[in-house]
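Asks: Pasting a structure here, questions to come.
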Amino acid sequence: MKYKLGTMAVATMMAASPVMADLVFPSLSYRTGPYAAGGIPFADGYADYFTMLNARDGGIGGVMTKVIECETGYNTEKGVECYESTKGEGSLVYQPLSTGITYQLIPKTTADGIPMHTMGYGRTSAKNGDTFSHTFNYPANYWDGASGAINYLLGENGGDLKGKKVALVYHNSAYGKEPIRTLQELSAKHGFEFKEVPVDHPGQEQKSQWLQIRRDKPDYVIMYGWGVMNQVAVQEAANIRFPMENFIGIWWSGSENDVLAAGDAANGYKALTFHGVGSDFPVFDDIKTHVVDAGNAAGAGDQIGTVLYNRGLYAAMLAAEAVKTAQEIHGVADINAAQMRDGMEALSITEEKMAELGLPNFGPSFDVSCANHGGDGLVGVTQWDASSKTWSLISNFAETDADVVGPLIAEDSAAYAAENNIESSCN
Numbered sequence: 002m003k004y005k006l007g008t009m010a011v012a013t014m015m016a017a018s019p020v021m022a023d024l025v026f027p028s029l030s031y032r033t034g035p036y037a038a039g040g041i042p043f044a045d046g047y048a049d050y051f052t053m054l055n056a057r058d059g060g061i062g063g064v065m066t067k068v069i070e071c072e073t074g075y076n077t078e079k080g081v082e083c084y085e086s087t088k089g090e091g092s093l094v095y096q097p098l099s100t101g102i103t104y105q106l107i108p109k110t111t112a113d114g115i116p117m118h119t120m121g122y123g124r125t126s127a128k129n130g131d132t133f134s135h136t137f138n139y140p141a142n143y144w145d146g147a148s149g150a151i152n153y154l155l156g157e158n159g160g161d162l163k164g165k166k167v168a169l170v171y172h173n174s175a176y177g178k179e180p181i182r183t184l185q186e187l188s189a190k191h192g193f194e195f196k197e198v199p200v201d202h203p204g205q206e207q208k209s210q211w212l213q214i215r216r217d218k219p220d221y222v223i224m225y226g227w228g229v230m231n232q233v234a235v236q237e238a239a240n241i242r243f244p245m246e247n248f249i250g251i252w253w254s255g256s257e258n259d260v261l262a263a264g265d266a267a268n269g270y271k272a273l274t275f276h277g278v279g280s281d282f283p284v285f286d287d288i289k290t291h292v293v294d295a296g297n298a299a300g301a302g303d304q305i306g307t308v309l310y311n312r313g314l315y316a317a318m319l320a321a322e323a324v325k326t327a328q329e330i331h332g333v334a335d336i337n338a339a340q341m342r343d344g345m346e347a348l349s350i351t352e353e354k355m356a357e358l359g360l361p362n363f364g365p366s367f368d369v370s371c372a373n374h375g376g377d378g379l380v381g382v383t384q385w386d387a388s389s390k391t392w393s394l395i396s397n398f399a400e401t402d403a404d405v406v407g408p409l410i411a412e413d414s415a416a417y418a419a420e421n422n423i424e425s426s427c428n
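If you use the working numbering, the sequence shown corresponds to residues 2 to 428, in order.
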């Protein structure tokens with residue numbers, strides 16, 4: 002990489018530096034509210050990874066890390082308040098964990114020069130770094146998810162979905178509506194019939210929606226849900242005897258929380274993913290040794306290896322690797338937010354690097370650039386085994402349809418740039 006100075010140069014600069022402040026990572030968590038069951042394990046995984054880096058490695062590049070947790074309750078107004086109250090603490094990157102909060106923070110973080118990572122959620126067109134200079138959504142976005150689901154179904158049907166019916170059961174919010182345009186375009190391209198089935202927050206009552214599905218008899222159901230909506234949908238699908246192997250959730254509808262309540266009836270349910278499942282990775286041995294056994298776990302230590310704990314850990318790993326990249330680019334260890342943004346934009350995740358980090362085959366390889374803040378959009382599929390209570394990755398991290406997703410991103414980001422008088426940032 003053209004920016005690389007090498008570890009010796011960085012080490013020399015660190016040795017010559019005065020006492021350094023912490024590398025600060027705000028965590029906009031939600032341990033309370035209707036989505037706490039999903040927010041808690043993510044926040045635990047995020048915090049535990051940085052705790053491990055401090056205990057095992059002395060931080061990142063010789064600088065200790067510090068996680069500042071601020072409770073949002075998954076509430077947009079509280080999320081903005083958390084941002085305003087923590088941005089002056091030396092915060093390097095924000096993970097809003099909410100599409101609603103993300104939309105509010107895009108202009109704020111851009112104006113303040115602080116990067117934001119909306120991994121697998123938020124505004125999909127933020128993949129266009131030429132327009133969204135401080136927002137990143139690697140390694141995959143909601144439109145990649147929609148395309149990944151259809152590509153998987155194409156593979157299951159010999160490449161032909163003509164005459165098939167595909168229904169989208171979605172959380173009736175900005176988040177849930179994200180894939181609709183993409184699925185409409187894919188429907189026109191591949192000749193399947195597409196039906197929209199909205200579910201109002203919080204999603205505890207879905208009988209009418211599943212009666213509609215029983216009546217319409219779709220071949221496949223895709224779900225963009227969150228929280229209790231997911232487990233209710235899985236149970237209602239079982240009640241009408243919809244085949245679970247034909248029911249595919251987005252990655253926010255594919256955790257243990259979503260399937261355990263339905264018991265054996267959830268067996269065979271599928272969900273998309275952009276990272277690995279389970280705890281059979283060397284990094285978890287280090288988490289146990291340096292964090293859990295030391296009594297420093299963010300939670301009870303019982304969530305390790307669960308889907309959302311792994312996602313929080315993965316987000317922390319990507320942030321830490323961006324810090325290392327920024328340290329190499331700028332030749333300083335105690336980086337600031339502007340330098341962190343440079344590190345995120347030059348981030349390269351390879352299988353070799355993931356193996357070195359104790360996460361072999363845990364996620365897709367990808368590169369970030371000025372024009373591409375979203376990576377390569379590779380999506381995998383997992384399946385639930387109710388008897389063993391485990392998820393398994395049943396596909397490779399596969400390419401999504403750039404011919405459909407790319408123009409939609411270009412169109413949406415161009416409209417945003419025009420509305421907000423944003424000039425190209427990748428000259």
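Cβ atoms here follow ideal geometry from the backbone N, Cα and C, with glycine treated the same way.
Being a predicted model, the structure only gives us computed values, none of them experimental.
1) On a Cα-Cα basis, can you pick out the residue from T77, H331, K196, Y47 that is closest to K218?
2) Using CA atoms only, rank isn't needed, just tell me which of M117, N76, D413 is closest to H135.
3) Is the beta carbon of M355 closer than 8 Å to that of A323?
4) Which residue marks the beginning of the beta strand (DSSP E) containing F195, and which one marks its end?
5) Measure the Cβ-Cβ separation of A411 and N129 and say whether it is below 8 Å.
6) Quick one: residues in its chain with C-beta nearer than 7 Å to the C-beta of Q304, no 5 flanking neighbours on either side, listed in chain order?
7) For a minimum of 4 consecutive residues, which ranges assigned as the alpha helix (DSSP H) are wholly contained in the region 205-237?
8) Is M117 helix, strand or coil when you go by DSSP?
9) Measure the C-alpha to C-alpha separation of L6 and L106 and round it to an integer number of angstroms.
10) Around the C-beta of L319, are 16 or more other C-beta atoms found within 10 angstroms, so that it is buried, or is it exposed?
11) Where does N362 land, buried or exposed, given buried means 16+ other C-beta within 10 angstroms?
12) Between the region 331-347 and the region 230-249, can you find at least three pairs of beta-carbon atoms closer than 8 Å?
13) What are the boundary residues of the beta strand (DSSP E) that includes V167?
14) From what residue to what residue does the beta strand (DSSP E) around K67 run?
15) Are S92 and I115 closer than 8 Å when you measure CB to CB?
16) Nearest to N173 by CA position, among N231, D161, A127, L155, is which residue?
17) Tell me which residue opens and which closes the alpha helix (DSSP H) that W144 is part of.
18) Provide the residue span of the alpha helix (DSSP H) that contains K271, from first to last.
19) Can you grab the Cα-Cα spacing for the pair L394 / N422, in whole Å?
20) Just checking my contact of Y143 with P180 at CB under 8 Å: how many whole Å lie between their CB atoms?
21) So what does DSSP say about I181, is it helix, strand or coil?
22) Count the other CB atoms, across all protein chains shown, that sit within 10 Å of the CB of R312; report buried if there are 16 or more and exposed otherwise.
23) Excluding the five sequence neighbours on either side, which residues of its own chain have a C-beta within less than 8 Å of the C-beta of L155, listed in chain order?
24) Report back the beta-carbon spacing between T132 and Y315 to the nearest angstrom; my notes put them in contact at under 8 Å.
25) Between which two residues does the beta strand (DSSP E) holding F26 run?
26) Are the Cβ atoms of T87 and I102 separated by less than 8 Å?
27) Mapping DSSP to helix, strand and coil, what is N422?
28) When DSSP labels each residue in this structure, what does Y95 get in the three-state scheme?
29) With distances taken Cα to Cα, identify the nearest neighbour of L273 among G228, G250, Q213.
30) Hey, out of L360, Q205, K271, whose CA is closest to W385's CA?
31) Going straight from the alpha carbon of Y176 to that of S389, what length do you get?
32) How far does the alpha helix (DSSP H) with V324 in it extend, from its first residue to its last?
33) With 16 other CB atoms within 10 Å as the buried threshold, where does G59 fall?
34) Considering only the alpha carbon of each residue, which of M65, T66, P108 lies closest to Y84?
35) T52 by DSSP, collapsed to three states: which one?
36) Three or more C-beta pairs closer than 8 Å, one from the region 208-218 and one from the region 240-260: is that the case here?
Replies: A quick look at the data gives this:
1) K196
2) M117
3) no
4) 194-200
5) yes
6) P42, D45, Y310
7) 208-217
8) strand
9) Because the pLDDT of L6 is 39, which lies under 50, any placement of that residue in the model is unreliable, and the number read from its coordinates should be weighed accordingly. So the alpha carbons of these two residues sit roughly 33 Å apart.
10) buried
11) exposed
12) The region 230-249 is not in contact with the region 331-347.
13) 166-172
14) 66-72
15) yes
16) N231
17) 143-157
18) Counting along the chain, K271 falls outside any alpha helix (DSSP H), though it belongs to the beta strand (DSSP E) covering 271-274.
19) 43 Å
20) 6 Å
21) It is helical.
22) buried
23) D161, L162, H191
24) Wrong, their Cβ atoms sit about 26 Å apart, outside the cutoff.
25) 24-30
26) Contact annotation: T87 and I102 have beta-carbon atoms that are not nearer than 8 Å.
27) coil
28) strand
29) Closest option to L273, Cα to Cα, is G250.
30) Nearest C-alpha to W385 among L360, Q205, K271: K271.
31) 31 Å
32) Here the alpha helix (DSSP H) through V324 covers 308-331.
33) Flag for G59 reads exposed.
34) Ranking M65, T66, P108 by Cα distance to Y84 puts P108 first.
35) helix
36) yes
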